[in-house]
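Undergrad: All residue numbers for the first sequence refer to the numbering used here, where the first residue is 1 and numbers rise by one. C-beta: ideal position from N, C-alpha, C; glycine also. Everything numeric in this text was worked out from a predicted model, so none of it was measured.
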Amino acid sequence: MQLYQSQELKIYNSLTGKKEIFKSINEGYVGMYVCGPTVYSYVHLGNVRTFMSFDVIFRYLKHLGYKVRYVRNITDAGHLENDADEGEDRIAKKARLEQIEPMEVVQRYTVDFHTILQKFNFLPPSIEPTATGHIIEQIEIIKDIVDKGLAYEINGSVYFDVLKFNETNNYGILSGRNIEDLIHNTRVLSGQSEKKNPQDFALWKKAEPQHIMRWPSPWGDGFPGWHLECTAMSTKYLGEQFDIHGGGMDLKFPHHECEIAQAEACNGHSPVNYWMHANMLTLNGKKMAKSTGNNILPGEIFSGNNAILSKAFAPSVVRFFILQAHYRSIFDFSNDALLASEKGFNKLMDALHCLDGLNISDSSSFDINAWKDNCYAAMNDDFNTPILISHLFEAVKHINQIKDNKATINSDDLEVLKSTMHAFIFDVLGLVDTVTTDNNDSNTLSNVIELLINLRAEARANKDFATSDKIRDELLAMGVQLKDGKEGTTFSLS
RNA sequence: GGCACCGUGGCCGAGUGGCUAGGCAGAGGUCUGCAAAACCUUGUACAGCAGUUCGAAUCUGCUCGGUGCCUCCA
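(1) Given THR231, which residues of its chain have a CB within under 7 Å of its CB, disregarding the five upstream and five downstream residues?
(2) Compute the Euclidean distance between the alpha carbons of ILE360 and VAL428, then round it to the nearest angstrom.
(3) Determine the direct distance from the alpha carbon of GLU300 to that of LEU45, and round the result to whole angstroms.
(4) Taking the continuous alpha helix (DSSP H) assigned at HIS79, which residues delimit it?
(5) If you drop the 5 nearest sequence neighbours on each side, which residues of the same chain put their C-beta closer than 8 Å to that of SER363?
(6) Give, in chain order, every unbroken run of the beta strand (DSSP E) that is at least 3 residues long and sits entirely within the region 113-199.
(7) Helix, strand or coil for SER468? Go by DSSP, reduced to three states.
(8) What does the alpha-carbon distance come out to for the pair SER40 and SER291?
(9) Excluding the 5 residues flanking THR489 on each side, which residues of the same chain have their C-beta closer than 8 Å to its C-beta?
(10) Go ahead and label LEU517 buried or exposed: buried means 16 or more other beta carbons lie within 10 angstroms of its beta carbon, across all protein chains shown.
(11) Rank ILE145, PRO37, SER126 and PRO124 by C-alpha distance to the C-alpha of GLN107 and give the top, closest one.
(12) If we ignore side chains and look at the alpha-carbon of each, how far apart do ALA496 and MET32 end up?
(13) Which whole runs of the alpha helix (DSSP H) in the region 385-461 are 4 residues long or more, in chain order?
(14) Could you say which of VAL105, MET1, GLY17 and CYS266 lies nearest to LYS252 if we only look at CA atoms?
(15) Could you tell me if GLY357 is buried or exposed, where buried requires 16 or more neighbouring beta carbons within 10 angstroms of its beta carbon?
(16) Quick one, which of TYR42, GLN2 and ILE21 has its alpha-carbon nearest LYS62's?
(17) Measuring alpha carbon to alpha carbon, tell me which of VAL432, PHE366, ILE449 and HIS326 ends up nearest THR50.
(18) Under 8 Å by Cβ, that's how I've got LEU323 and THR235 pegged, so tell me the actual separation to the nearest angstrom.
(19) Does the Cβ of SER190 have 16 or more other Cβ atoms within 10 Å, making it buried, or fewer, making it exposed?
(20) Using three-state DSSP, classify GLN5 as helix, strand or coil.
(21) Using a Cβ-Cβ cutoff of less than 6 Å, which residues in the same chain neighbour PRO129 once the five nearest sequence positions on both sides are dropped?
(22) By the DSSP assignment, the beta strand (DSSP E) with GLY344 in it spans what residues?
(23) If PHE223 sits next to ALA77, beta carbons under 8 Å apart, how far is it from one beta carbon to the other, in whole angstroms?
(24) CB GLN138 to CB LEU228, shorter than 8 Å?
(25) With a threshold of 8 Å, are at least 3 pairs of Cβ atoms found where one atom belongs to the region 195-214 and the other to the region 242-252?
(26) Over what stretch of residues does the beta strand (DSSP E) that includes LYS483 continue unbroken?
(27) Taking DSSP's pairing of strands, which residues face ARG69 in a bridge?
(28) From which residue to which residue does the beta strand (DSSP E) around GLU20 run?
(29) Can you have a look at ASN273 and say buried or exposed, based on whether 16 or more other CB atoms are within 10 angstroms of its CB?
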């Protein structure tokens, strides 16, 4: 019996605007597609937040016993900066500015993306396909849509006919827009468009002579439209209809709307059962974005090298910080909030370290199974990590009370407590115990500090407080804080 | 302008028609040679104004403030 058979998971479905009981198409299996990054610059913390949300969702589905095929693409084909014809391809622009090949741009930022996610302890997706690796599949889809009369070619480019599609289908179903509003509210474009209607979107764009990223097609040399790659790759690896499609809130319209239209045009039915959207991470109250420069890079946080940061923060602290907010809420980044999270994270880890040394009693003074049920209930309620974390802190309180002999736990319950804490903290939330890793990294330093701790202990035993305080205060000035406890003195590095 | 969303105690953030998370900070205490650290205890807050209700922060309307999408974007 797998956990998912006894746990009722509810997911907020963007398509219906409601929390729905999750039921996968094939029992025991889940297909999940998440829109990955366009690799034309360094991944910033806002990007990371979205992928982290889905990393936790992936982890929890696996924890429940599902076999999950998680597909997250890399957008490595350049797409235009705007909808007008004179726009420049972002990757090509970067290549021009840095005087390198477009594929060098793509390689550089793909490596950065992977390196950063690894530091945050992400699980790799099951498949990570690239747009340029699926040009043929994309061309086949375009041909299919053209054959069905829902796309038209003009001057070597192919556009999706939104108005025609809307005669038989509902364009705007995901984002709650209707076609009349779109027509009335379309911004006036600076360039003269060759599209029949401004709402139409490109499936294939003709490559101008100077355009480097280009592929042959039935319509001449060109490159695919942005929305198409996700339809091609999700269909190829997950099928015409799959369970979960995720991405950032900013992709809801038009990107995901267009994906639905393309898939429906090809296959005659909706491609996805549960649409999920992670909300934006803001900085100074505004959305983080590559294009505006209002963002912070993970590397700056790990090193503390940014004007708004008072110090460096470990990846797990940042991970914990992000997971303290629900994935569907807008979340503002600030140094103060991060500092508060760091203290909370350390408190959680300290309690975890105490688990093995707890005294066992004949009975427990609290209901461990009710607590465990609460943890699952939190995650089952649309992956509510903040609530889960609040329950973890409830356990921290119990652990500390047991340590102080103000509460009791029996051996069976202790095992449940240990396994549940480990499962949720490490497996589901994906946090890493920084304390243990730090100490392993600096053995020599640890030994030196241990020596000083022993010298100080001797001085204190001799009531030579001048010496003991000197050791303590000077170490503190160097960033080494001594912590006197009942079982001896420990230290931490700041 | 259109379509959404949000406004919670000093700060960050959950939640929700009556039982009213959690973290940080603050206050009190335990411990300590003194400290620090750690731990324990402690807070009825939900933008404003009306309305519905036995009862609303939670539902409805209006006002004010903020954000996202409508162009590439996680």
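TA: According to the structure shown:
(1) ILE141, GLU259, GLN262 and ALA263
(2) 27 Å
(3) 10 Å
(4) Neither: HIS79 is in no alpha helix (DSSP H) and is coded neither H nor E.
(5) THR408 and ASN410
(6) 151-154 and 157-160
(7) helix
(8) First, the amino acid is wrong: residue 40 is Tyr here, not Ser. Taking the straight line joining both Cα atoms gives about 11 Å.
(9) ILE453, ARG456, ALA457, LEU482 and LYS483
(10) Within the shown structure, residues of the chain are numbered from 1 to 494, placing residue 517 beyond reach of any answer.
(11) PRO37
(12) Nothing can be reported for residue 496: it is not among the residues displayed for the chain, which extend from 1 to 494.
(13) 385-403, 411-422, 434-441 and 443-461
(14) GLY17
(15) exposed
(16) GLN2
(17) HIS326
(18) At roughly 32 Å, the Cβ-Cβ gap does not stay under 8 Å, so LEU323 and THR235 are not in contact.
(19) In this predicted model, SER190 has a pLDDT of only 44, less than 50, meaning its place in the structure is not dependable; the value taken from the coordinates is given anyway. SER190 comes out exposed.
(20) helix
(21) ASN73 and MET233
(22) Where GLY344 is concerned, there is no enclosing beta strand (DSSP E), although the alpha helix (DSSP H) it sits in stretches over 335-354.
(23) 6 Å
(24) yes
(25) no
(26) 480-485
(27) GLY31
(28) 18-21
(29) buried
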